[in-house]
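Undergrad:
Numbering (this note's numbering), first residue to last: 2 to 227.
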């Protein structure tokens, strides 16, 4: 089921740039997970983007332990996490502001036979008005494109009944410099974080950090609603 809501996030020039960027590259990005590239390209992805696969596995390990009945994926993109979590019998809501990404997500869950357990919302999380609370909320590949995390974390805290999983690109890595140049050329802003900043934002928003794993060039953080 696809629920469409106003993409109010695109009020700012920067937000429009992010949404337009993801709409442009949606099929290309999804192919990283989908295995549709040739053998050389797949091997390059596994080498250059190893932590993208690692963060996926990390989320699934956490979900196996937590066994949430309800999940919300903030910045769900093409639905790869949504589909996999729904296969574990969860009811999953995916929120994203890029229409083409949600089109891919809807097609994926239909192909995988889990559409009856999935809902997609076209909106910035800041503007999604819902009284719901979820056992597990995730935001993976999201904080790369958010200049001010606190406002969104405060909204996410209201959505989180138990556990929040998030992945943050680390500041000071080689990839940071490369991505800044590449995404500047592509017209998309990108941000990187120190662990002290991540922990501070989470604490201010009402979370208590339980653990942090460094996976490649990412901080993968598990927190609970305080």
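Note that the Cβ used here is the ideal one computed from N, Cα and C, for glycine as well.
Between the region 128–146 and the region 102–111, are three or more C-beta pairs nearer than 8 angstroms?
TA: Not touching, per the Cβ criterion.
Undergrad: With DSSP collapsed to three states, give me the class of residue 220.
TA: Residue state, collapsed to three classes: strand.
Undergrad: So, at 8 angstroms on beta carbons, what are the nonlocal neighbours of residue 157 in its own chain, with the 5 sequence-adjacent residues on each side left out?
TA: 75, 126, 138, 140, 165, 206, listed in sequence order.
Undergrad: Under 8 angstroms between the Cβ atoms of residue 123 and residue 79?
TA: Contact: no.
Undergrad: What runs of the beta strand (DSSP E), each 3 residues or longer, lie entirely inside the region 76–109?
TA: Runs of the beta strand (DSSP E) inside the region 76–109: 92–97.
Undergrad: Less than 8 angstroms separating the beta-carbons of residue 77 and residue 60?
TA: Going by C-beta atoms, residue 77 is not nearer than 8 angstroms to residue 60.
Undergrad: Would you list the one or two residues that DSSP bridges to residue 74?
TA: Partner(s): 95, 139.
Undergrad: Tell me, to the nearest whole angstrom, how far the beta carbon of residue 84 is from that of residue 115; I am working on the premise that it is less than 8 angstroms.
TA: So it is a contact: roughly 6 angstroms between Cβ atoms.
Undergrad: Would you report the Cα separation of residue 19 and residue 81, rounded to the nearest angstrom?
TA: Cα-Cα distance, rounded: 20 angstroms.
Undergrad: Find out if the Cβ-Cβ distance for the pair residue 118, residue 87 is shorter than 8 angstroms.
TA: Yes, the Cβ-Cβ distance between residue 118 and residue 87 is below 8 angstroms.
Undergrad: Excluding the 5 residues preceding and the 5 following residue 192 in the sequence, name in chain order all residues of the same chain whose CB lies nearer than 8 angstroms to its CB.
TA: For residue 192, where only same-chain residues beyond five positions count, the Cβ hits under 8 angstroms are 144, 145, 146, 147, 148, 170.
Undergrad: Helix, strand or coil, according to DSSP, for residue 68 in the structure here?
TA: If DSSP states are grouped into helix, strand and coil, residue 68 belongs with coil.
Undergrad: Leaving out five residues before and five after residue 40 in sequence, what residues of the same chain have Cβ atoms less than 8 angstroms from its Cβ?
TA: Per-residue confidence for residue 40 stands at a pLDDT of 48, beneath the threshold of 50, marking its modelled position as unreliable; the derived number appears in the next sentence. For residue 40, where only same-chain residues beyond five positions count, there are no Cβ hits under 8 angstroms.
Undergrad: Among 186, 73, 53, whose alpha-carbon lies nearest the alpha-carbon of residue 1?
TA: A query on residue 1 cannot be resolved here, the shown segment of the chain reaching from 2 to 227 and no further.
Undergrad: Measure the CB-CB distance between residue 219 and residue 168 and report whether it falls below 8 angstroms.
TA: Yes, these two residues count as a Cβ contact at 8 angstroms.
Undergrad: Taking C-alpha atoms, which residue in 72, 68, 174 lies nearest to residue 120?
TA: The option with the nearest alpha carbon to residue 120 is 72.
Undergrad: In the DSSP assignment, find the unbroken alpha helix (DSSP H) run with residue 158 in it and report its ends.
TA: Taken as a continuous stretch (DSSP letters only), the alpha helix (DSSP H) holding residue 158 covers 150–160.
Undergrad: Straight-line CA distance for residue 223 to residue 213?
TA: Taking the straight line from one Cα to the other gives about 6 angstroms.
Undergrad: Could you give the residue range of the alpha helix (DSSP H) that holds residue 184?
TA: Counting along the chain, the alpha helix (DSSP H) containing residue 184 begins and ends at 175–187.
Undergrad: Looking only at its chain, what residues have a beta carbon closer than 6 angstroms to the beta carbon of residue 190, apart from the 5 residues adjacent to it on each side?
TA: So the qualifying residues of the chain are 15.
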